[in-house]
Each structure stands twice: as C-alpha cells, then as structure tokens.
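Heads up, the thing below is written out as structure tokens.
In my numbering, the protein residues as written are 38 to 226.
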C-alpha cells in the first residue's frame, strides 16, 4: 500500500512476520518510520521513499515467492507514465497498440504522459505481463529484433493473426506464451 505525498515521495507499508529482519534492499527510502504489531505474528512497517520501479520487480521467477509479493505490491500501487515509457520503448508496440492493450484511448495516454499519471492496477498488470513476455521472447529468440519480427508477422498457428494482435487479452497472452514455449522446446509454432 502506498500513499503519495506532495514531495513526490511515498509512504510505503509492508507487512512482515515477527522476527523477519528487513534488509536495506527491502526498504526503498530513507528509514523505517514506524513499526506496529498487528498480531503476535505480523508487524506493520511504515517507511518513506520512492516506490520500487517495475523494471526491478518484473524479472520474477515463479519459484521466488518474495519477488512475487514484491511484484504484487508494484501492480497494486500502479506505475507512473515515465516507468511505463521505459518499458514501452523496448517493445514493437506503437501508442495505438498500447491504447488497445491497456483498454484505453490514445487521448488518455497523452494525458497520462503530460501529467505523468499513475496507471490503475489492471493496466499496470498488463504492462508487467508485456514486459515479462518481452524478456521471455528475447530469451527464446536470442535477441530482441528477431522476437519483435516474430511478434509482428501473421502466424498460421495463431489463426492467421500476428502474436501482437493477441496481447490485449489474458487468453491471447497465454497463447503467445504457449507458442514461445513450443519454439523454446523445438516444436514449430
């Protein structure tokens, strides 16, 4: 949970088990401001600082629960437009494509850019999923350019549409990830 202040800093809250030590890398900001016992097992830690950026959290290994919880926090808090932009420039998607993927309009994206607005959790989750897909695609194809080319080409295995056209739904993202998995394991997709 994060609340923004006028200074651009954020007050962040983290719930941890009693006896779990918080390392400096866990706390983004200056210092712990307050520790409050929620019950005998859980403490609430409040600290101030800048929220973690999406790029630090998206390299999520499904076997690493602590990174997963961090990613959930990033998604719930949302990301600002500048952070989104740092993800978007690494994709072949144009602004109109992002508007479709994020279920919004180009005009809204322009407003978000102008005011560096924070995306809603559902939109942030989609941005995270696209970023993870980009990382996976680069890993499978060996370089980003080859993966981008594949994303843009019509694919018979995907009903004759390009993988890019499927990124606006969770099911479509799943189809693209499955196709990458088949390619990774040597099955033509």
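Note that the Cβ used here is the ideal one computed from N, Cα and C, for glycine as well.
For residue i, which residues does DSSP report across the bridge?
i	result
residue 117	155
residue 198	192
Counting along the chain, where does the alpha helix (DSSP H) carrying residue i start and finish?
i	result
residue 222	First-last for residue 222: undefined, no H or E at that position.
residue 138	132-138
According to DSSP, is residue i helix, strand or coil?
i	result
residue 213	helix
residue 126	coil
residue 179	coil
residue 206	coil
residue 145	helix
residue 59	Confidence at residue 59 is low in this model, with a pLDDT of 47, below 50, so its placement is unreliable and no value can be given for it.
Am I right that residue i and residue j are in contact with their C-beta atoms under 8 Å? What's the rounded C-beta distance?
i	j	result
residue 220	residue 177	6 Å
residue 214	residue 170	7 Å
residue 223	residue 161	Going by Cβ atoms, the distance from residue 223 to residue 161 rounds to 34 Å, so no, they are not a contact pair.
residue 191	residue 138	At roughly 18 Å, the Cβ-Cβ gap does not stay under 8 Å, so residue 191 and residue 138 are not in contact.
residue 118	residue 150	5 Å
residue 143	residue 132	6 Å
residue 195	residue 203	6 Å
residue 128	residue 167	6 Å
residue 146	residue 174	Not quite, the Cβ-Cβ distance comes to about 23 Å (not below 8 Å), so this is no contact.
residue 106	residue 156	Not really, about 20 Å apart at Cβ, beyond 8 Å.
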